[in-house]
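So the sequence shown is residues 780 to 1106, counted in our numbering.
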Amino acid sequence: MLTRLAPAWLMALLLVLPLAAAPATYPCYQPTAAPVIDGNVESDPAWTNIPRVTGFAKLGGGYAVAKQTVVQACWDDQALYVAMVCEDPDAAQLKPTVRDGGPFWEEDGAEIFVQPDADKPVSQLGVTAGGAKGGFEGFPDFTKLHVGASIGKDAYSLEARIPFDVLRATPQVGDRWRGNFCRNTYTTASGGDKFTCWAPLKTRFLEPENYAVLSFRGPAPEAATATRIGEQLNGAYRKHLLGRLVSAVAQGKEYFGALDEASRDQQFGADAAALRARWREMEALIRQAGSAPLPELRRTIVGADALAKASYDVKYAYLIAKLFPDQ
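Take a look at the structure:
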């Protein structure tokens, strides 16, 4: 036994070292009907009772801030289906040019990695925002993929049907494969991390040892149950966002008194009142953080720095005007 063989210093070290985190696990259910592969994810009832996960991480660590992604996956006896909704305020600026078989990794879009077993190759498949498809690692026959893409006002959506013969394996209920969902971002007028992924990776997308587990399940649950499962899977991300929101409001409190006072001033009143109202909205969001939509939480956090700067400017402009009223 370890307690009899290991020296005392090693036992002490083992007691304080954190246990290795278990890989993220995505429950891959069988849909009631196969999705229509046209890129219109939100309007397809096939995805209604399939859990949604988000909280993509930057390559190298830490959650992506400016642009997030939602992913879903399901399967039947013939294929794996993947849907991704990629938030992108710069969607109108997307100008896809890559064609099927081209360098999909050099354009805005997604990459899907699947490894049926540790002794089987990883298959890398790509879909661009323009709907071009391709493959690279593992030399999968990407011509058998059926993909769809749709570019909207502030997001683009992707769908892929991946036949199991492309992956050289067919799962059964209870099987556990490895895989990951990744995103490339090259259009960055409003910001955005270039490489993001659902299961966190260190230096590159091809790190199968750090991939998530794809757990193949039976028929999909009711929509409400799927929503609860998604919330559980997104729990760590929600906790992170709540911590960021609480920190932002705590830092903003230094402006509250001055903004309340300035809101009664003829010159600064309108601006101060508007800023104070936005801080109150953030405080209210904290109280609702357990149920507030994750995109709302994240967008509020993204705007917190600009809100703090505007509050700083109004606070000190008001205080200077108060101190030197004749200037």
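Every residue gets a Cβ at the ideal spot worked out from N, C-alpha and C, and that includes glycine.
- Cβ atoms of Glu1001 and Val820 stay farther apart than 8 Å, at about 19 Å.
- Taking the CA atoms as reference points, Gly839 sits about 13 Å from Cys961.
- In the structure shown, Asn959 falls within a strand segment according to DSSP collapsed to helix, strand and coil.
- Here Gln1045 is exposed, its C-beta having fewer than 16 other C-beta atoms within 10 Å.
- The residue among Gln1011, Ala1037, Phe984, Gly1022 with its C-alpha nearest the C-alpha of Val901 is Phe984.
- DSSP lists Ala858 as the beta-bridge partner residues of Pro942.
- In this structure, Tyr860 places its C-beta atom within 7 Å of the C-beta atom of Arg940.
- Within the model, the alpha-carbon separation for Pro806 versus Thr907 is close to 25 Å.
- Shown here, Glu866 sits in a strand according to DSSP, grouped into three states.
- Counting other Cβ atoms within 10 Å of its Cβ, Ala1051 reaches 16 or more and is therefore classed as buried.
- Taking the Cα positions, Pro830 is about 32 Å away from Arg1057.
- Under DSSP, Ala991 takes part in a beta bridge, and its partners are Gly958.
- Straight across, the Cα-Cα distance linking Pro998 with Cys853 is about 10 Å.
- Of the residues assessed, Asp887 falls on the buried side of the cut-off, its CB having 16 or more other CB atoms within 10 angstroms.
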